[in-house]
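One structure is given below, encoded as structure tokens.
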Amino acid sequence: MFAEKFKRQLPLHIMLLPAVILVIVYNYGPMFGLVMAFQNFNPAEGFLKSEWVGLGNFSYLMKVGDIHQVLWNTVYISVMKIAAETLAAIVLALLLNELRHRAYKRVVQTVIYFPHFLSWIILGGIFRELLAYDGIVNNVLGHVGVSPVIFLGDNKVFPFVLVATHVWQQAGFGIIVYLAAISGINPQLYEAAVMDGAGRLAQIRHITLPGIKSIIILMATLSLGSILDAGFGQVYALYGPAVYKSGDVIDTWVYRMGLLDAQYSIATAVDMFKSVVSFVLVSISYFMAYKFSDYHIF
Amino acid sequence: MKNHKNDRSNKKIKNTLKQAISCASCMGIVLALLISGGCGTVQSGKEAVQPELSGSSSAVAENMDPLGRYEPEITVSMVHQNGDQTVKFKNGDTFENNVFTRAYKEMLGINVKYLWVASGDDEAQKTNLMIASGSLPDIFMLDSLSQYEQLVKADKIQDLTDTFEKYATAYTKSIYSGEFARELEAVKRGGKLYTIPWFNDYNAIISMIWIRSDWLNNLNLQIPKTGEELFKVAEAFTFNDPDKNGKNDTYGIPMDNSGIESAFWNVFHSYPGIWTKDSAGKLSYGMYGSKEQADATKAALLKLQEFYKKGVIRKDFTTIEDAQLSEDIISGKCGVLFGTASRPYFQLQDNTKTDAKADWIPLAIPSLNGTKQTISASPLNQYGFYVVRKGYEHPEALVKLLNLYNKLENDPSTVTQEYLDVYGSFFKAAPVRLYEPHTFFNDYNSLKSAIESGDTAKLTIIQKQYYENIKAFSDAGDKTFTNRGNKTGWADFKYYGPGGAAAVAETYNKNGLYVYDEYFGPPTKSFISKQPLIDKKWNQIMMDIITGADTAEFDSFVESYGAMGGDAIAGEVNEWFELNQKSN
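Protein chains in written order, with my numbering: chain A, 539 to 836; chain B, 1163 to 1746.
Here it is in structure tokens:
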């Protein structure tokens, strides 16, 4: 029985093979590298000969205290990003849904969708110019009597710059899901509501929003798993030493420590910590997604 | 022009366009680490292509002529670690094919093959990865003693003691003679030499202050003699329109997001990057290792904070990088540069090219409250460490390349014009270079008497070139000379000429103003693993305080410095210091 089934599905298995190999090589293979977190890793000596320090790297990290700040930054920025992006996407989706002119709607959607395709290396250069001390934004602010803000160098402002630019870039992409969900709502509900005398706002409030509620919850819970990815590319393109305090997230910290300063052990320890926490969060988010929206992967 | 100025120690030219690091490449790196470690040592011999050598290798090895040619030719895999845009190639030359590679081939029978060409941050990252992945080229340079330490410990690079002894020319050996014998001693491990270090006389790039003298004249200000006067000048340059263009568009002190250089800290007797002896006779870190040093640093921080508040420093210095800083200097936005002796060859020269009226003079670093002037100095002043991977059959090729470089560029008795004036940019086209450390004050004195007497008979060919540049500039008073090709008239004048950087360095020596780095042992175990984090923290604290945070933040940093690894490092450093003192 099994053999027969396997034979029948053999072409499918073969087609799947490259993907499986890639995952093993790039996702599972490097896991052995985690051993570095417990060593005083000397790259020239490799894993086998490097000195074993057990949990030494972790306790050193606790002593230095950087990790608390970096972890807090990551969660803080990430949560704000998720909340702002979700909110912006819902509002935009609702507004777009109300547009009657099809061509105009398409154009608007494409325009706000477009930034999603731009790399942060390009966007970083653009925002650095726009948000410079003598840049356009400060120029405009100057005309309305606001003193110039050092957007990319002020610890109080920087996290919000990250959130704002992230929303600008990603909200368009988020709209797609919500628009699809809205189009799935039974039109008869709207007709009935109109009969009952409901206006536009009342329709949104009593039909559209409840109709996409489960999708909203699903999207929010799923993003829980990525809460420790605060967006490496974006932060890396915009931050600088002045805002390490408020803008340094786990990924950028690990990048600087590991690749620039060659502190492989310390960097791996932090990344491993991130992986473990992320694993827990992903598990929780899938459990919740299953519970609230009957969403499952397996 | 000539090579007495260090181009590496000047702040690294960072790529303004930061490199995109995709997730995939990070994975690849981890994988590379995994493979190199997991499978033991992978020495990829395939890079070192050895055409038809098997039969004649013994014959080649027998040829002990320091500049002898390989017959048949050999191919050496290398990396080019100074490959930046400042090299101005001519006639379609490239890093792979230029006067140096052709000389290597014609004179030594060595074909150089580069695995990569990079510079600045990019180079640092590539070098780190190269070490981590274990696929080392035959001959390469290490950027730091920490890397050297790791590779020696892992037995990945060759013992060059005998090779150097046998193959170095008398001239090459003379570079490491006299007081500079300490350079080889400092890198010996267990009595063996695993690298040939690249260094220069620290006097050649010593810290000093450069100031816009035309601005001083515009404002009728005297050349500042004390720290107090200097800071007044910095404020005057900010508020009194020194360029007389009627606009408030200048400021005093240029500074970018990497902070400010030693020259500023030294005014306050704070000494970045070196270990000094404290009152108890122990070595402590020159910026915050002891109470005394921490107080000095705090005073300096408070001054910077005050300057920031007043606008003497750019309000957005925390977000600008050194490329932008250079732009400010070149376009005449600021006038008090805390820098090093070699600055005329960089942004200052460009400033005089764009503004014919602009002129800069070097000042000895002053002090405050009438205290003794002090200038911090690291006697070793190393820039890089040339090494040969373990197992490479021609370790002498490195020595030969250096011999040839010296013959073409350093040794006055063999240097010819053909190789002296190529590409500008201190011969960065060559993958391995050495500086001649003994000549800094020699050149200065010879040039001085030649300028006074007009008699050039005693000048070497290298000195003559300086002389002609200086003359062409000073006689004509003509800055346009600097604009012609690679000519550096103004810069040479400011470096070696009367009242130039060399003259300032001379007064430092004469008056015994140096505070030396007392530690020159190998980087300690704790230093390698703990210092990067401490540096990070310090950078952040510095930024915070300059932009207005309370100095309590600095106090708590100093307090926790010991626990972050400072105590362990200081312990190891002092252990070395005691041993070393006893053996002397």
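The C-beta atom is built at its ideal place from N, Cα and C for all residues, glycine as well.
Check: Ranges of the beta strand (DSSP E) found wholly within the region 1418 to 1455 of chain B, counting only runs of at least 3; Outcome: 1437 to 1439 and 1445 to 1447
Check: Neighbour-count burial assignment, PHE544/A, 16 or more Cβ in a 10 Å radius; Outcome: exposed
Check: Three-way DSSP call (helix, strand, coil) for ARG1374/B in this model; Outcome: strand
Check: Residue from VAL1735/B, ALA1730/B, GLN1309/B and GLN1535/B with nearest C-alpha to LEU1675/B; Outcome: GLN1535/B
Check: Within 8 Å, strictly: CB atoms of VAL617/A and ILE788/A; Outcome: no
Check: Separation of VAL792/A from LEU609/A, as counted between CA atoms; Outcome: 12 Å
Check: Among SER1297/B, ASP1255/B, ILE1236/B and GLY1421/B, the one whose alpha carbon lies nearest that of ASP1697/B; Outcome: GLY1421/B
Check: For ILE1358/B, the residue or residues it bridges with in DSSP; Outcome: TYR1548/B
Check: Cα-Cα separation, ALA709/A to LEU661/A; Outcome: 15 Å
Check: Per DSSP, cross-strand counterpart(s) of MET1240/B; Outcome: TYR1276/B and ILE1301/B
Check: Identity of the residues DSSP links to SER1369/B by a beta bridge; Outcome: THR1502/B
Check: Residues that ASN578/A contacts on chain B, provided the C-beta gap is smaller than 7 Å; Outcome: SER1691
Check: TYR1678/B - DSSP class collapsed to helix/strand/coil; Outcome: strand
Check: Nearest to ASN1160/B (by Cα), restricted to the options LYS1453/B, GLU1391/B and LYS1515/B; Outcome: Within the shown structure, residues of chain B are numbered from 1163 to 1746, placing residue 1160/B beyond reach of any answer.
Check: Selection of the region 601 to 617 of chain A by Cβ proximity to chain B, strictly under 9 Å; Outcome: LYS601, VAL602, GLY603 and ASP604
Check: 8 Å Cβ cutoff met for ASN580/A and LYS1315/B; Outcome: yes
Check: Buried or exposed (CB count within 10 angstroms, at least 16 for buried), HIS551/A; Outcome: exposed
Check: Proximal residues of chain B, C-beta to C-beta of PRO795/A below 9 Å; Outcome: Here the sequence assigns Met to residue 795/A, which means Pro is not the residue at that position. Here the neighbours are PRO1694, LEU1695 and LYS1698.
Check: Interface flag, LEU798/A vs chain B, CB-CB below 8 Å; Outcome: yes
Check: 3-residue-minimum beta strand (DSSP E) runs that sit fully inside the region 1283 to 1332 of chain B, ordered along the chain; Outcome: 1301 to 1304
Check: Min CB distance GLU583/A to chain B below 8 Å; Outcome: yes
Check: Integer Cβ distance of VAL1429/B from SER1529/B, believed to fall under 8 Å; Outcome: 6 Å
Check: Buried or exposed (CB count within 10 angstroms, at least 16 for buried), PHE689/A; Outcome: buried
Check: Spatial distance of ASP734/A from PHE652/A (CA atoms); Outcome: 39 Å
Check: Exposed unless 16 or more other CB atoms sit within 10 angstroms - verdict on GLY737/A; Outcome: exposed
Check: Rounded separation between PHE1716/B and PHE1689/B - CA only; Outcome: 21 Å
Check: Where ASN1260/B falls: helix, strand or coil (DSSP); Outcome: coil
Check: LEU1313/B at chain A interface by Cβ criterion, 8 Å; Outcome: yes
Check: Distance CB(GLY1497/B)-CB(PHE1399/B) smaller than 8 Å; Outcome: yes
Check: Bridge-paired residues (DSSP) for PRO556/A; Outcome: PRO556/A pairs with nothing; no bridge assigned.
Check: Per-residue DSSP class, three states only, for TYR1413/B; Outcome: strand
Check: Through-space distance from THR1713/B to LYS1460/B, alpha-carbon basis; Outcome: 7 Å
Check: Beta-carbon neighbours of ILE788/A, restricted to chain B and to distances below 8 Å; Outcome: The contacting residues do not exist; ILE788/A stays about 13 Å from chain B at best.
Check: Burial state of ILE720/A, where buried means 16 or more other Cβ atoms lie within 10 Å; Outcome: buried
Check: Closest Cα partner of LYS1471/B within the set ASP1284/B, ARG1231/B and ILE1708/B; Outcome: ILE1708/B
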